[in-house]
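Enquirer: For the working numbering, count along the sequence shown from 1 and bump the result up by 2.
This is the structure, below, for whatever I ask next.
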Amino acid sequence: MSACRFSAILLASLLLGGAVPRPSRAAEDPLRVLPDQLDGAAPRDMMSRWLMRGVDAARARWLSAYEARKTPEQIAAYQKTHRQFLLDAIGGLPDRTPLNPRVVGSVQRDGFQVEKVVFESQPGHVVTAALFLPDAGRRAPPWPGVLIPCGHSQNGKASEAYQKAAALLALHGMAALVFDPIDQGERAQLLDAGGKPPLWGTKAHTMVGVGAILLGRNTARFEIWDGMRGIDYLQSRPEIDPARIGCMGNSGGGTQTAYLMALDDRIAAASPSCYICSLYGRLLRTIGAQDAEQNIFGQLAFGLDHADYVMMRAPKPTLLCTATKDFFDIEDAWASFRSAKRLYGRLGFAERVDLAETDDKHGYHRPLREAAVRWMSRWLRGIDAPMAEPEGLKVLTDEEIRCTPKGQVMLLEGARSAYDLNIDYESELAGKRRAAWAGDRAAALAAVRRLAGIRPLGSLPRPEVERAGEVERDGRRVEKRVFRPEPGVSLPALLFADGKETRVPPVLYVHEKGKAAGAAPGGPIDALVRAGHDVLAVDLRGTGETQPKPQAYFSPEFGPDGQDVYAAYLLGRSYVGMRAEDILVCARWLAEERKAASVRLVAVGHVGVPALHAAALEPELFASVRVEGALEAWSGVVRARLSKGQLVNVVHGALTAYDLPDLAASLGQKLEIVGAVDATGRAR
């Protein structure tokens, strides 16, 4: 049968009834393949459990490497390699450009002064901050300077807890710069027609992160660089001692503090609060992966956990602030502290790392603020004494601390957002991609294989294939199969055949909603079977019967499986790559089972992205490829700014080497694309 005839059959089946309706649960039950329990858990939990086994294996490697790290020379080498890994994983850091700082206002309080400051961490990328200065009449400069990155407060630097921490520093002779992270306070990176942010905080950070991942970057890159430029600003002030710099922050600010203290040698004293625990421990198993900047690509596979952010700066003084009822687990915080304490001890400076603990929930509570300020005083001023926060300490209102005329940096003339900076980089990469694909095609495809993590077909193990029964539909036998491409992964499948010998190629059918989505009576699979094709419909991992319940932290903007996707990301894996390998092993089995030279591939929805990868890398396995309703281009995700459900589609650094149209072009006449969609799922 010709490719045109094959496409016409599928198209007609869709046109006859419009969109294929999702079958009811009762209609799906006869086609259900997996039992209620897989290894003691529901099939929908399969991927989470499988990923945690990968985390356990990575943890064992981490522990072995940690125990072998004994001498100062070994520790120095470890610090160097881990710093370089972290820098590479976030996409490196920008060049230093003029800060163009301006003090736009000042407010006096009893014992301290607050200057409202704006500066540009990158050209046009404006940071809003408040500089808390001691009373020079009481404490003469030069003063130490302490950077305070904010946690996930909607009003950013205006948050009472972060202002009180800064004020307490100023009252004890230390300047403090508290700044708005992107998508908080005055730094919403995207505004709607009414000048309001459609997203803020964690969801906004992840939205930036979707595009950043495709560029080989991370949302953390923006936050880290903002913080480093904040230190540049502190050091530029004549009344601040550039050799006495500290950093302290809570929650999301604790995350930023952890990164900054690990990467910036200028930070003499540090105190991350309500963050340090362990990705190898309970976090991923309880509340799951958090927003984009807290997940560094491949860090668990490489051996970079929360404790490493402390140990990478040893023996510089570091205080961990913790809360016993925090969702950042207190037991894991203590475990990371003990690991750091032992390593500091190996260097002869065990007293330079400590832990403060309060019996409370997540938050920058007064005891933690006081402990952090005392730590800064001890190591930056040489004064170790209780630092009590005054009762009734009066901080600035949101209006008083505002730095911009209209309350948002993106309303300033010439302002550039994180999205704009990502788009600039994508434009730069686009020319490089064109040149690469116009040149050595084999080298270009090798880059695809490397970035997506897809092994050659000959290196993929043959799956275990189990018969799981059969049903009869419209006089045709439907065999139930379970494919196990690797331990812990079960792919339920249905093999549709009419029992007659046929010369047309068999068809591998994959759908974003699972195999049953195309199996409704009169639907696409029926049309193919009537035309003489044997059809193998497979639930790729994490779809159909193994699709997890919506993981609320990422739903609905980023899809139902965001935390599993990020767990894989932490292990250096992409769902695109893993699902492409699922397609390859199933297609090879089908070809061999039906004694066919090749198979036809039909992919519907977002699984079209891994289907393109599989076919482009192993084209001889496929007679033709039809992709319906799949993403048109990754570059469109970057340029659209807002996207929907794209997290499962990303490959870290893909746009440094290729885009989806490059894969499509490599397939030539074998490929038919129907109903491509944009970054938000709308038809193009």
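Glycine residues also receive a C-beta, built at the ideal position from the N, C-alpha and C atoms.
(1) How long is the line joining the alpha carbons of residue 586 and residue 426, rounded to whole angstroms?
(2) Roughly how many whole angstroms lie between the Cα atoms of residue 146 and residue 376?
(3) Within its chain, find whatever has a CB closer than 8 Å to the CB of residue 325; leave out the 5 residues flanking it on each side and keep chain order.
(4) Can you list, in chain order, the residues of its chain whose CB lies under 8 Å from that of residue 194, leaving out five sequence neighbours each side?
(5) For residue 513, write down the residues that DSSP places opposite it in a beta bridge.
(6) With contact counted as at least three CB pairs below 8 Å, one residue from each stretch, are the segment 195 to 214 and the segment 556 to 565 in contact?
(7) What residue range is occupied by the uninterrupted alpha helix (DSSP H) comprising residue 87?
(8) Applying the 10 Å Cβ sphere with the 16-neighbour rule, what's the burial state of residue 95?
(9) Taking just the CA atoms, how far does residue 262 sit from residue 649?
(10) Just to check my reading of the structure: residue 631 and residue 607 have Cβ atoms closer than 8 Å, yes? What is that Cβ distance to the nearest angstrom?
(11) Taking only the alpha-carbon atoms, compute the straight-line gap between residue 516 and residue 31 and give it to the nearest angstrom.
(12) Just to confirm my understanding: we take residue 683, look at its own chain, exclude 5 residues before and 5 after, and list those with CB closer than 7 Å. What are they?
(13) Per the DSSP calculation, residue 674 is bridged to which residue(s)?
(14) Check whether the segment 102 to 122 and the segment 217 to 237 touch, using three or more Cβ-Cβ pairs below 8 Å as the test.
(15) In chain order, which continuous runs of the beta strand (DSSP E) of length 3 or greater are located wholly inside the segment 534 to 615?
(16) Residue 290 and residue 743 - do their beta-carbons sit closer together than 8 Å?
(17) Check whether the segment 392 to 400 and the segment 158 to 165 are in contact - that is, three or more C-beta pairs closer than 8 Å.
(18) Which residue comes first and which comes last in the alpha helix (DSSP H) that contains residue 174?
(19) Could you pull the start and end residues of the alpha helix (DSSP H) that residue 382 belongs to?
(20) Just reading off the alpha helix (DSSP H) that residue 430 is part of, what are its end residues?
(21) Just the Cα atoms here: how many angstroms apart are residue 680 and residue 584?
(22) In the DSSP assignment, find the alpha helix (DSSP H) that holds residue 1 and state where it starts and stops.
(23) What residues in its chain sit with their C-beta under 8 Å from that of residue 431, if we drop five residues either side in the sequence?
(24) Can you tell me the Cα-Cα spacing of residue 274 and residue 445, whole angstroms?
(25) Leaving out five residues before and five after residue 685 in sequence, what residues of the same chain have Cβ atoms less than 7 Å from its Cβ?
(26) Report the CB separation of residue 635 from residue 665 in whole angstroms; it is logged as a contact under 8 Å.
(27) Can you give, in chain order, each stretch of the alpha helix (DSSP H) that sits fully within the segment 631 to 663 and has at least 4 residues?
(28) Run the CB neighbour count on residue 353, radius 10 Å, all protein chains shown included, and call it buried at 16 or more, exposed below.
Expert: A quick look at the data gives this:
(1) Taking the sequence shown and counting its residues from 1, one reaches residue 586 at position 584. Taking the sequence shown and counting its residues from 1, one reaches residue 426 at position 424. Spanning the two alpha carbons is a distance of roughly 35 Å.
(2) Position 144 of the sequence shown, counted from the first residue, corresponds to residue 146. Position 374 of the sequence shown, counted from the first residue, corresponds to residue 376. Roughly 13 Å separates the two Cα atoms.
(3) For the purposes of this step, residue 325 is identified with residue 323 of the sequence shown, where counting begins at 1. 276, 332, 359, 360, 361, 362, 363, 364, 365, 367 and 370.
(4) Within the sequence shown, numbered from 1, the residue matching residue 194 stands at position 192. Once the five neighbours on either side are set aside, the close Cβ partners of residue 194 are 200.
(5) For the purposes of this step, residue 513 is taken as residue 511 along the sequence shown, with counting starting at 1. According to DSSP, which records beta bridges pairwise, residue 513 is partnered with 606.
(6) yes
(7) By one-based count along the sequence shown, residue 87 stands at place 85. That run of the alpha helix (DSSP H) goes 74 to 91.
(8) Start at 1 with the first residue of the sequence shown, and residue 95 comes out as number 93. The residue is exposed, with fewer than 16 neighbouring Cβ atoms inside 10 Å.
(9) Taking the first residue of the sequence shown as 1, we reach residue 649 at position 647. Taking the first residue of the sequence shown as 1, we reach residue 262 at position 260. Going from the Cα of residue 649 to the Cα of residue 262 covers about 26 Å.
(10) Walking along the sequence shown from the start, residue 631 turns up at place 629. Walking along the sequence shown from the start, residue 607 turns up at place 605. Confirmed, about 5 Å.
(11) On the sequence shown, residue 516 is found 514 positions in, with the first residue counted as 1. On the sequence shown, residue 31 is found 29 positions in, with the first residue counted as 1. Straight-line Cα distance between these residues: approximately 13 Å.
(12) Here residue 683 corresponds to residue number 681 of the sequence shown, with the count starting at 1. Excluding residues within five positions, the ones whose Cβ falls inside 7 Å are 646 and 647.
(13) By one-based count along the sequence shown, residue 674 stands at place 672. Residue 674 pairs with 628.
(14) The segment 102 to 122, when compared against the segment 217 to 237, does touch it at the 8 Å Cβ threshold.
(15) 537 to 540 and 601 to 606
(16) It is not possible to answer for residue 743, since the shown part of the chain is limited to 3 through 686.
(17) yes
(18) Residue numbering aside, residue 174 sits at position 172 when the sequence shown is read from its first letter. No alpha helix (DSSP H) contains residue 174, which DSSP labels as neither H nor E.
(19) Reading the sequence shown from its first residue, position 380 is the one you call residue 382. Premise fails: residue 382 is in no alpha helix (DSSP H) and is neither H nor E.
(20) In the sequence shown, residue 430 corresponds to position 428, counting from 1. Here the alpha helix (DSSP H) through residue 430 covers 420 to 440.
(21) In the sequence shown, residue 680 corresponds to position 678, counting from 1. In the sequence shown, residue 584 corresponds to position 582, counting from 1. Going from the Cα of residue 680 to the Cα of residue 584 covers about 25 Å.
(22) Beyond the ends of the chain as shown, which are 3 and 686, falls residue 1; an answer cannot be given.
(23) As a first step, residue 431 must be located in the sequence shown, where it is residue number 429. These residues qualify, in order along the chain: 217, 657 and 658.
(24) By 1-based counting over the sequence shown, the position of residue 274 is 272. By 1-based counting over the sequence shown, the position of residue 445 is 443. Spanning the two alpha carbons is a distance of roughly 44 Å.
(25) Numbered from 1 along the sequence shown, position 683 holds the residue referred to as residue 685. Contacts found: 677 and 679.
(26) The residue you call residue 635 lines up with position 633 of the sequence shown. The residue you call residue 665 lines up with position 663 of the sequence shown. For a cut-off of 8 Å, the C-beta gap from residue 635 to residue 665 is around 10 Å, too long to register as a contact.
(27) Listed in chain order, the complete alpha helix (DSSP H) runs (minimum 4 residues) inside the segment 631 to 663 are 636 to 642.
(28) Position 351 of the sequence shown holds residue 353. Exposed: under 16 other Cβ atoms inside 10 Å.
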